[in-house]
Each structure stands twice: as C-alpha cells, then as structure tokens.
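Okay, so here's the structure we're looking at.
2 protein chains.
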Amino acid sequence: MKELEERIRREGAILSETVLKVDSFLNHQVDTELALATGREFARVFEGEKITKVLTIEASGIQFAMAAGIALGVPFVYAKKKKAVTQSDKVYVAPVHSFTRGETYQVSVDQRYLNAGDRVLIVDDFLATGAALVGLVDIVEESGAELVGVGCIIEKSFQEGRGLLEAKGVRIHSLARIAAMKPGEVQFIEESGNRQLIEERA
Amino acid sequence: MKELEERIRREGAILSETVLKVDSFLNHQVDTELALATGREFARVFEGEKITKVLTIEASGIQFAMAAGIALGVPFVYAKKKKAVTQSDKVYVAPVHSFTRGETYQVSVDQRYLNAGDRVLIVDDFLATGAALVGLVDIVEESGAELVGVGCIIEKSFQEGRGLLEAKGVRIHSLARIAAMKPGEVQFIEESGNRQLIEERA
C-alpha cells in the first residue's frame, strides 16, 4: 500500500535494525483516515471470503480491526491480555510471549464471540516475531471457526513471524513489508514479489 | 441515545449494583455500526467546537475515540498505561487508580501529540469513579491544549465520576446515563433532565 509506505518513510523513526516507531500516525496518535484506508484495502484483498468477524488483540490492533470491521460490515473482537472483573470463565486462551516486555501473558477471548459458523480475518498492527498472531490463530482453531487469513499493517519480513504463520498454512497479507531497515533507511518488498530479498537473508 | 439504551437493556448483564457487563457489543466484541453512531452523536453534540483532536486511554476507549475521530475528521490519541520500548521520554504523565484491579498506574501521552493549539475532546467507554478521565483532563491541562469536553458512552451516574469532573469545570456528555441498576433492571436518566434522580441518592 503505497500511501502507507510513504508515511513510514516520512514519519517512521527507525530506532535500531529491528525497532520501528510509527506512533505519530499508527499506534499512539492515529490518523483515522489512513486507518480507514487500511480497512478498505483488507476488504478488497479478502473480497468474496464471506468474513463474519474480525479478530485482533488489545490495544494497538483495535483501530485496524475497527477499520476492517467497518469496511466489511461486520463486528470485531479484541482478545484481552488481562482477565477483566466482568469476564466469563468460558474463554479460549493462548499463551503469548512478549519479547519487548520479556514476559509471557495469557490472551483470552470469550467463547460466545467466536463460533464454528464464523469466518474470521485476524488483523494486527505488526507482524514481527509472530507471537501474538500465532496465539490468535490458535484461538480461532480452538473455537472451530474458519480462519480466512491474517492482515497486518506492517510486516518486518526479516523476522520469523511470517514463516511461523505460513508453516500453519495461514494466508497472510501485509500492507507494508519491510525487507530491511537501519537508522534513516527502510527498504520495502514490492507487492509484486521480490521475495528473494528475504530469502537471501534467511 | 435511545439505540444505545435499548442495547444495554437487551444485552447488558448486570452483575451487581455497580458492575455492568457490555462486552457483547461495546468492549470485547464491538458492534462497529453502533460504535460509528456514537461518534456521529458526539460530533453533533460538540458541533462548532472546532475540535482538533480526540483523546482516550487504551484499550476500551480506542474504538470510540476512533469513531469520534472519523465523525469529526480529526486524528485521535490514546494514552498508554505502560511505557513502550519505543516511547519518548518527553511525555505528559498522570497517576490513575484502578478500583477494579486495585492498583495505581501511570498513564502517559507523548508531548508531541498534544499542543497548546489543540482543542481536545476526551472520549471513553465508561464514566464511573472518574479516575481515568480525571487523569486525562490533567494531561490536557498540562499540555496547554483547550479541553472542549468529555464524551462517555455509559455513565454510572450513581458513582462519583461526574461530580469530580464537574468540580473541574468540565463539560460532560454521556450517551447513556444510568441512575441505578440491579440484576435484571437498569434505570436510565432521561436526556432532557430528571437530575433529581441522582440528587436524591447523593
């Protein structure tokens, strides 16, 4: 998605070879128009898939799940990282390890909100190590719902997340795929292919 | 907002005289159409206020801040409950006590995303004790931005939050105001007034 790549080039701050900061427009301050555009793009890419529900994880996935839900005309569900006082005991649970925080937490979804009849699109802001997304995929499997695919806003293609999801047979569509980055420079993978950029690094 | 009150009556689960569970359509599974409608309603109520930014707090405020941002055509910012690895040191901070979790945490907003020129609408899902919203109001004051008002989806009018905000001179608009509740029954305050219902209880 060209518009997104341009914003990342212009406003993204590359803090290291693995850390990209996009909090001026994606995940602290949010450009609502850009967020809506990402939702329309996922609706276009997954057209005809009869998606009934979008699934994400709190907190920074919510704005993109909402945008996808709007574009698809369906509700979305966000997995919780902490058990709420009001939460039911009948939940699907998956352990997720956070590398940035150095801790493992349990993400959960109330069983009433994912069912065997659902066709689910998982959406999140980043695909990097894939830890959170693999957890969500496991939750969809456990629920008996059909997983249509995973839509990510930014993929760090030099990390292992895509490989982990592909090994599970999951269809992935990322709106901006970063082949490599270093302070002051970000290199995207063209949508049409150019896969060898990653394969050379693997 | 009649549509919202009807959904609360139909789908809300009243777990006690203070705990209302609305996670089937507001804050776990989210009805995107209803969320968008709340944004349009805030845009109508605060029309002419030249709002430049919507502010909320992660996680369950995000979908409503997004909806308000869409309706107003402005970006939104969500305050963070934990310091992110990518976060700047130049942040506005306010302590917020969570009664449900029994802990005090620091909420923060990057100083680049709230400025003296901004006219801010704060949006959140619940107004109850007011703890989180008072923290956000303090952050707006610290930033030098102008606070236009606070918009809440559900107000538990029998708790102290509204009083705390009114004492600070804040304009508040809640889309559903609950005067009292007990399992199986919820009593709303009419939009046109009926304030004495609260005052009698105070």
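Residue numbers (full-length UniProt numbering), protein chains in the order written: chain A, 1 to 202; chain B, 1 to 202.
Glycine included, each C-beta is placed from N, C-alpha and C at the ideal position.
Can you confirm whether B/T32, when its beta carbon is compared against all beta carbons of chain A, has any partner nearer than 8 Å? Position 32 of the second sequence, counting from 1, holds the residue named residue 32 of chain B. So yes, B/T32 belongs to the interface.
Flag this pair as yes or no: are the beta carbons of B/F46 and B/V123 separated by less than 8 Å? Counted from its first residue, the second sequence places residue 46 of chain B at position 46. Counted from its first residue, the second sequence places residue 123 of chain B at position 123. No, the pair does not count as a contact, with Cβ atoms beyond the cut-off.
Need the endpoints of the alpha helix (DSSP H) that A/G135 sits in, please. Numbered from 1 along the first sequence, position 135 holds the residue referred to as residue 135 of chain A. Start and end: 131 to 143.
Other residues of its chain near B/R195: CB distance less than 6 Å, five sequence neighbours each side excluded: What you label residue 195 of chain B is simply residue 195 of the second sequence in a count that begins at 1. Interpretation of B/R195 is limited by its pLDDT of 49, a score under 50 that renders its predicted location unreliable; the figure taken from the coordinates is listed afterwards. Here the set comprises nothing.
Could you work out which residues of chain B lie near A/M181, taking near to mean beta carbons separated by less than 7 Å? In the first sequence, residue 181 of chain A corresponds to position 181, counting from 1. Chain-order list of chain B residues neighbouring A/M181: empty, with the shortest C-beta distance near 13 Å, by a criterion of under 7 Å.
Where in the region 38 to 114 of chain B do unbroken runs of the beta strand (DSSP E), each at least 3 residues long, occur, reported from the N-terminal end onward? Runs of the beta strand (DSSP E) inside the region 38 to 114 of chain B: 53 to 57, 76 to 79, 91 to 98, 103 to 110.
In the structure shown, what three-state DSSP assignment does A/L4 receive? The residue given as residue 4 of chain A occupies position 4 in the first sequence. Annotated three-state conformation of A/L4 is helix, per DSSP.
Name, please, each residue of chain A whose Cβ falls closer than 7 Å to the Cβ of B/P75. Residue 75 of chain B sits at position 75 when you count from the first residue of the second sequence. Neighbours of B/P75 on chain A, chain order: Q29, V30, D31, T32.
Taking DSSP as the reference, what is the three-state secondary structure of B/R162? As a first step, residue 162 of chain B must be located in the second sequence, where it is residue number 162. Reduced to three states, the DSSP call for B/R162 is helix.
Give me the subset of the region 110 to 123 of chain B whose CB atoms are less than 8 Å from a CB atom of chain A, sorted by chain position. Under the 8 Å Cβ criterion, the region 110 to 123 of chain B contributes D110, R112, Y113.
According to DSSP, which residues form a beta bridge with B/H173? As a working mapping, residue 173 of chain B is identified with position 173 in the second sequence. Under the DSSP definition of a beta bridge, B/H173 partners with B/G151.
Specify, as a first and last residue, the run of the beta strand (DSSP E) that A/L127 falls within. For this step, residue 127 of chain A is matched to residue 127 along the first sequence. If you look at A/L127, you'll find it in the beta strand (DSSP E) that goes 119 to 127.
For the 8 Å Cβ check, are there 3 or more pairs between the region 134 to 154 of chain B and the region 164 to 179 of chain B? They touch, by the three-pair rule.
For A/T18, which residues from the same chain have a beta carbon less than 6 Å from its beta carbon, with the 5 sequence-adjacent residues on both sides left out? If you number the first sequence from 1, residue 18 of chain A lands on position 18. Closer than 6 Å at Cβ, skipping near neighbours: no residue.
For B/L114, I'd like the list of residues in its chain whose CB is within less than 6 Å of its CB, leaving aside the five on either flank, ordered along the chain. Against the second sequence, residue 114 of chain B aligns to sequence position 114. The answer, listed in chain order, is S143, A145.
What residues match up with A/L20 in a beta bridge as DSSP calls it? One-based indexing of the first sequence puts residue 20 of chain A at position 20. Residue pairing of A/L20 in beta bridges, as defined by DSSP: A/I14.
Between A/N194 and chain B, is the shortest Cβ-Cβ distance under 8 Å, so that the two count as touching? Here the question's residue 194 of chain A lines up with position 194 in the first sequence. For A/N194, the predicted structure reports a pLDDT of 48, less than 50, and the residue's modelled location is therefore unreliable. A value from the coordinates is still provided. No Cβ of chain B is located within less than 8 Å of the beta carbon of A/N194.
My output table needs one value for A/E146: the three-state DSSP class, helix, strand or coil. Position 146 of the first sequence, counting from 1, holds the residue named residue 146 of chain A. Three-state DSSP puts A/E146 in a strand.
Residues in its own chain within less than 6 Å of A/R10 by CB, not counting five upstream and five downstream? Walking along the first sequence from the start, residue 10 of chain A turns up at place 10. When the five nearest sequence neighbours on each side are left out, no beta carbon in the same chain lies closer than 6 Å to the beta carbon of A/R10.
Compare the beta carbon distance of A/L127 and A/A68 with 8 Å and say whether it is the shorter of the two. Residue mapping note: residue 127 of chain A aligns to position 127 of the first sequence, counting from 1. Residue mapping note: residue 68 of chain A aligns to position 68 of the first sequence, counting from 1. The answer is no: Cβ separation not under 8 Å.
Which of helix, strand or coil does DSSP assign to B/E33? Residue numbering aside, residue 33 of chain B sits at position 33 when the second sequence is read from its first letter. Three-state DSSP puts B/E33 in a helix.
Could one say the Cβ of B/Y92 lies closer than 8 Å to chain D's Cβ atoms, at least one of them? Any reference to chain D falls outside this structure, whose protein chains are A and B.
Whole angstroms are fine: how far does the CA of B/R40 sit from the CA of B/I70? For the purposes of this step, residue 70 of chain B is identified with residue 70 of the second sequence, where counting begins at 1. For the purposes of this step, residue 40 of chain B is identified with residue 40 of the second sequence, where counting begins at 1. Spanning the alpha carbons of B/I70 and B/R40 requires a straight line of approximately 8 Å.
Cα-Cα separation between B/I189 and B/A180, rounded to whole angstroms: Locating residue 189 of chain B in the second sequence gives position 189, counting from the first residue. Locating residue 180 of chain B in the second sequence gives position 180, counting from the first residue. Taking the straight line from one Cα to the other gives about 9 Å.
Can you find a C-beta in chain B that's less than 8 Å from the C-beta of A/L197? The residue given as residue 197 of chain A occupies position 197 in the first sequence. For A/L197, the pLDDT reaches just 48, beneath the cut-off of 50, and the residue's location in the model is therefore unreliable, leaving the point undetermined.
Could you pull the start and end residues of the beta strand (DSSP E) that A/F25 belongs to? Numbered from 1 along the first sequence, position 25 holds the residue referred to as residue 25 of chain A. Run containing A/F25: none; DSSP gives neither H nor E here.
Per-residue DSSP class, three states only, for residue 203 of chain B: This structure cannot speak to residue 203 of chain B, because chain B is shown only from 1 to 202.
Within 8 Å of any Cβ in chain A, is that where the Cβ of B/K156 sits? Sequence index remark: in the second sequence, residue 156 of chain B carries index 156 (1-based). The beta carbon of B/K156 does not come within 8 Å of any beta carbon belonging to chain A, so the residue lies off that interface.
Against B/Y78, what residues of chain A qualify as contacts under a CB-to-CB distance less than 8 Å, listed in chain order? Here the question's residue 78 of chain B lines up with position 78 in the second sequence. Those within 8 Å of B/Y78 in chain A are H28, V30, A59.
Are there 16 or more other CB atoms within 10 angstroms of the CB of A/L15, so buried, or fewer, so exposed? Taking the first sequence and counting its residues from 1, the one referred to as residue 15 of chain A is at position 15. Exposed, by the Cβ-count rule.
Based on the DSSP secondary-structure assignment, which residues constitute the bridge partners of B/A180? Taking the first residue of the second sequence as 1, we reach residue 180 of chain B at position 180. DSSP output for B/A180 lists B/Q187 as bridge partner(s).
Proximal chain A residues relative to B/G69, where beta-carbon distance stays under 8 Å: In the second sequence, the residue the question calls residue 69 of chain B occupies position 69. V30, T32, listed in chain order.
By how many angstroms is the C-alpha of B/N27 removed from the C-alpha of A/A132? Mapped onto the first sequence, residue 132 of chain A falls at position 132. Mapped onto the second sequence, residue 27 of chain B falls at position 27. Computed Cα separation, rounded: 20 Å.
By Cβ distance, which residues of its chain are closer than 6 Å to A/E199, with the 5 residues on each side in sequence left out? Numbered from 1 along the first sequence, position 199 holds the residue referred to as residue 199 of chain A. Here A/E199 scores only 45 on pLDDT, less than 50, and its place in the model is too uncertain to base an answer on.
C-beta neighbour in chain B for A/M66, strict 8 Å: The sequence position of residue 66 of chain A within the first sequence is 66, counting from 1. At a cut-off of 8 Å, the C-beta of A/M66 has a neighbouring C-beta in chain B.
Within 8 Å of any Cβ in chain A, is that where the Cβ of B/I62 sits? In the second sequence, the residue the question calls residue 62 of chain B occupies position 62. Residue contact check for B/I62 against chain A: a CB pair falls below 8 Å.
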